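Student: Be aware that the sequence shown starts at 1, since it is given in full-length UniProt numbering, and climbs by one per residue. Just so it is clear, CB atoms sit at the ideal spot from N, CA and C, and this is done for glycine as well. Here the structure is a predicted model, which is why all the values come from computation and not from measurement.
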Amino acid sequence: MVGNNLPVFFIRDGIKFPDMIHALKPNPKSHIQEHWRIMDFFSHIPEACNMFTFLFDDIGIPADYRHMEGFGVHTFKLITKAGKETYVKFHWKPTCGVKNLLEDEAVMVGGANHSHATQDLYDSIAAGNFPEWKLMIQTMNIADEDKFDFDPLDDTKIWPEDMFPLQPVGRMVLNRNIDNFFAENEQLAFCPGVIVPGIYYSDDKMFQTRVFSYSDSQRHRLGPNYLMLPVNAPKCAHHNNHHEGFMNFMHRDEEVNYFPSRFDPVRHSERVPISQSRISGVREKVR
Numbered sequence: 001m002v003g004n005n006l007p008v009f010f011i012r013d014g015i016k017f018p019d020m021i022h023a024l025k026p027n028p029k030s031h032i033q034e035h036w037r038i039m040d041f042f043s044h045i046p047e048a049c050n051m052f053t054f055l056f057d058d059i060g061i062p063a064d065y066r067h068m069e070g071f072g073v074h075t076f077k078l079i080t081k082a083g084k085e086t087y088v089k090f091h092w093k094p095t096c097g098v099k100n101l102l103e104d105e106a107v108m109v110g111g112a113n114h115s116h117a118t119q120d121l122y123d124s125i126a127a128g129n130f131p132e133w134k135l136m137i138q139t140m141n142i143a144d145e146d147k148f149d150f151d152p153l154d155d156t157k158i159w160p161e162d163m164f165p166l167q168p169v170g171r172m173v174l175n176r177n178i179d180n181f182f183a184e185n186e187q188l189a190f191c192p193g194v195i196v197p198g199i200y201y202s203d204d205k206m207f208q209t210r211v212f213s214y215s216d217s218q219r220h221r222l223g224p225n226y227l228m229l230p231v232n233a234p235k236c237a238h239h240n241n242h243h244e245g246f247m248n249f250m251h252r253d254e255e256v257n258y259f260p261s262r263f264d265p266v267r268h269s270e271r272v273p274i275s276q277s278r279i280s281g282v283r284e285k286v287r
């Protein structure tokens, strides 16, 4: 999941994603991040108002990582073995509560130590005060998608909790600090396109964009073999046809690097249902 600390996003049209990133980055002439560029771009994006409401509210600046919520932002699908599909949104809720900073507090804290949140997290784990988050979900019957006055697949909107209550399904505890920041953190490649059986993408257009753009940027940042890096590679036995390529560091001496083959029989993974949706009508893009 994306894991932003706010439940919505600035845009819902993936074609605007590169331009949004350009607007948020420093001025290409002065290399200074300037407010006028950001506000100029978003003044043309009315759906960004909801995100800015959250951003400029008291919850806009988290005090630290331990007291920060996390949101999947996008709508996923849960699929049972029988093929039944349900829309779902994911939320991380810190068990130690939510704390935030006002602007003047953030200036003082950040000015004294620009890595204060990282240091707070590292020191807490080292002291045995392990931070914990509860994983909560909201679910929606797919048949009810068109019954509301908002689009459930619009990432600039929230699902009201009085209509879709939060349900606890798990927890995450950080109980060990990493030993090598570059190897175990800097080379991490999280991607919402990497899913496990039982979870699938919805037709959220911004979600569909992230599925492509994240892996594309990770190939640029870490190279085409980034999934072979120990921090990103599966921990269990697996079979794939990843061979060679730039920055390859895995020595493989097989002669068969394709599938299927009678010379290299492999056990098939368990078959799982694939998301299906019926589409009819005219699809167009209106500017």
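Using a Cβ-Cβ distance cut-off of 8 angstroms, determine whether F54 contacts chain C.
Tutor: Although the question refers to chain C, the structure presented lacks it and comprises just one protein chain.
Student: Is L24 helix, strand or coil by DSSP?
Tutor: One-based indexing of the sequence shown puts residue 24 at position 24. L24 falls in the helix class under three-state DSSP.
Student: Determine the contact status of E218 and A189, defining contact as a CB-CB distance below 8 angstroms.
Tutor: The residue labelled residue 218 in the question sits at position 218 within the sequence shown. The residue labelled residue 189 in the question sits at position 189 within the sequence shown. In the sequence as displayed, the identity of residue 218 is Gln instead of Glu. Closer than 8 angstroms, so yes.
Student: DSSP beta-bridge partners for F190?
Tutor: As a first step, residue 190 must be located in the sequence shown, where it is residue number 190. None, per the DSSP bridge assignment.
Student: Please report the distance separating the alpha-carbon of I11 from that of H22.
Tutor: Taking the first residue of the sequence shown as position 1, residue 11 is located at position 11. Taking the first residue of the sequence shown as position 1, residue 22 is located at position 22. Between I11 and H22, the C-alpha separation is close to 14 angstroms.
Student: I believe M228 touches H239 by the beta-carbon criterion, under 8 angstroms. Please report the beta-carbon distance rounded to the nearest angstrom.
Tutor: Working through the sequence shown from its first residue, we reach residue 228 at position 228. Working through the sequence shown from its first residue, we reach residue 239 at position 239. With 8 angstroms as the limit, M228 and H239 do not qualify as a contact, their Cβ atoms being about 14 angstroms apart.
Student: Please classify T75 as buried or exposed, where buried requires at least 16 neighbouring CB atoms within 10 angstroms.
Tutor: To locate residue 75, count along the sequence shown from 1; it is residue 75. By the 10 Å Cβ count, T75 comes out buried.
Student: Rounded to the nearest angstrom, what separates G110 and H116 at their Cα positions?
Tutor: Taking the sequence shown and counting its residues from 1, the one referred to as residue 110 is at position 110. Taking the sequence shown and counting its residues from 1, the one referred to as residue 116 is at position 116. If you take the alpha carbons of G110 and H116, they lie about 7 angstroms apart.
Student: Given this structure, state the Cα-to-Cα distance separating D253 from R176, to the nearest angstrom.
Tutor: Position 253 of the sequence shown, counted from the start, is the residue given in the question as residue 253. Position 176 of the sequence shown, counted from the start, is the residue given in the question as residue 176. So the two alpha carbons sit approximately 36 angstroms from each other.
Student: If distances are taken between C-alpha atoms only, which option among N5, L78, K84 comes closest to I61?
Tutor: The residue given as residue 61 occupies position 61 in the sequence shown. Among N5, L78, K84, the Cα nearest to that of I61 belongs to N5.
Student: Please say whether P192 and F207 have beta carbons closer to each other than 8 angstroms?
Tutor: Counting from one through the sequence shown, the residue named residue 207 turns up at place 207. Counting from one through the sequence shown, the residue named residue 192 turns up at place 192. Yes, Cβ-Cβ distance for F207 and P192 is below 8 angstroms.
Student: Just verifying my parser: in three-state terms, what is the DSSP assignment at residue 293?
Tutor: Because residue 293 is not part of the residues shown, which for the chain are 1 to 287, the question remains open.
Student: Considering just the uninterrupted stretch of the alpha helix (DSSP H) at F259, what are its terminal residues?
Tutor: Looking up residue 259 in the sequence shown gives position 259. Unbroken run through F259: none, as it is neither H nor E.
Student: Using only alpha-carbon positions, find the residue among K25, A126, F150, H31 that is nearest to E47.
Tutor: Working through the sequence shown from its first residue, we reach residue 47 at position 47. Minimum Cα distance to E47 is reached at F150.
Student: Applying the 10 Å Cβ sphere with the 16-neighbour rule, what's the burial state of H91?
Tutor: Here the question's residue 91 lines up with position 91 in the sequence shown. Burial call: buried.
Student: For P160, count neighbouring C-beta atoms within 10 Å of its own C-beta (all shown protein chains included) and say buried if the count is 16 or more, exposed if not.
Tutor: Against the sequence shown, residue 160 aligns to sequence position 160. P160 comes out exposed.
Student: How do the stretch 137 to 157 and the stretch 71 to 90 stand: do at least 3 beta-carbon pairs fall below 8 angstroms, yes or no?
Tutor: Segments in contact, yes.
Student: Measure the beta-carbon distance from D179 to D120 and round it to whole angstroms, keeping in mind my assumption that it falls under 8 angstroms.
Tutor: Numbered from its first residue, the sequence shown carries residue 179 at position 179. Numbered from its first residue, the sequence shown carries residue 120 at position 120. 19 angstroms between Cβ atoms; not a contact.
Student: Measuring straight from C-alpha to C-alpha, what distance separates K89 and R171?
Tutor: Here residue 89 corresponds to residue number 89 of the sequence shown, with the count starting at 1. Here residue 171 corresponds to residue number 171 of the sequence shown, with the count starting at 1. Cα to Cα, K89 sits roughly 15 angstroms from R171.
Student: Could you give the DSSP three-state label for N129: helix, strand or coil?
Tutor: On the sequence shown, residue 129 is found 129 positions in, with the first residue counted as 1. DSSP places N129 in coil when its eight states are reduced to three.
Student: Measuring CB atoms only, is the stretch 261 to 278 touching the stretch 75 to 85, in the sense that at least three cross pairs come out at less than 8 angstroms?
Tutor: With the cut-off at 8 angstroms, the stretch 261 to 278 and the stretch 75 to 85 touch.
Student: For I125 and H44, what's the separation of their Cα atoms in angstroms?
Tutor: Counting from one through the sequence shown, the residue named residue 125 turns up at place 125. Counting from one through the sequence shown, the residue named residue 44 turns up at place 44. Each residue's alpha carbon lies about 43 angstroms from the other.
Student: Taking the beta strand (DSSP E) that F76 falls in, what are its first and last residues?
Tutor: On the sequence shown, position 76 is the one that residue 76 refers to. Run containing F76: 76 to 79, per the beta strand (DSSP E) assignment.
Student: Quick one, which of S269, T139, Y122, S261 has its alpha-carbon nearest N185's?
Tutor: Here the question's residue 185 lines up with position 185 in the sequence shown. The candidate whose alpha carbon is nearest that of N185 is Y122.
Student: What residues match up with E85 in a beta bridge as DSSP calls it?
Tutor: In the sequence shown, counting from the first residue as 1, residue 85 sits at position 85. Answer is I79, bridged to E85.
Student: Could you give the DSSP three-state label for N185: helix, strand or coil?
Tutor: What you label residue 185 is simply residue 185 of the sequence shown in a count that begins at 1. DSSP places N185 in helix when its eight states are reduced to three.
Student: Short check: CB of N248 to CB of N225, under 8 angstroms?
Tutor: For the purposes of this step, residue 248 is taken as residue 248 along the sequence shown, with counting starting at 1. For the purposes of this step, residue 225 is taken as residue 225 along the sequence shown, with counting starting at 1. Taking 8 angstroms as the Cβ cut-off, N248 and N225 qualify as a contacting pair.
Student: Are K134 and P165 touching if we call contact CB-CB under 8 angstroms?
Tutor: Residue 134 sits at position 134 when you count from the first residue of the sequence shown. Residue 165 sits at position 165 when you count from the first residue of the sequence shown. No, the Cβ-Cβ distance between K134 and P165 is not below 8 angstroms.
Student: Just to confirm my understanding: we take T86, look at its own chain, exclude 5 residues before and 5 after, and list those with CB closer than 6 angstroms. What are they?
Tutor: As a position in the sequence shown, residue 86 is number 86, starting the count at 1. L78, T139, listed in sequence order.
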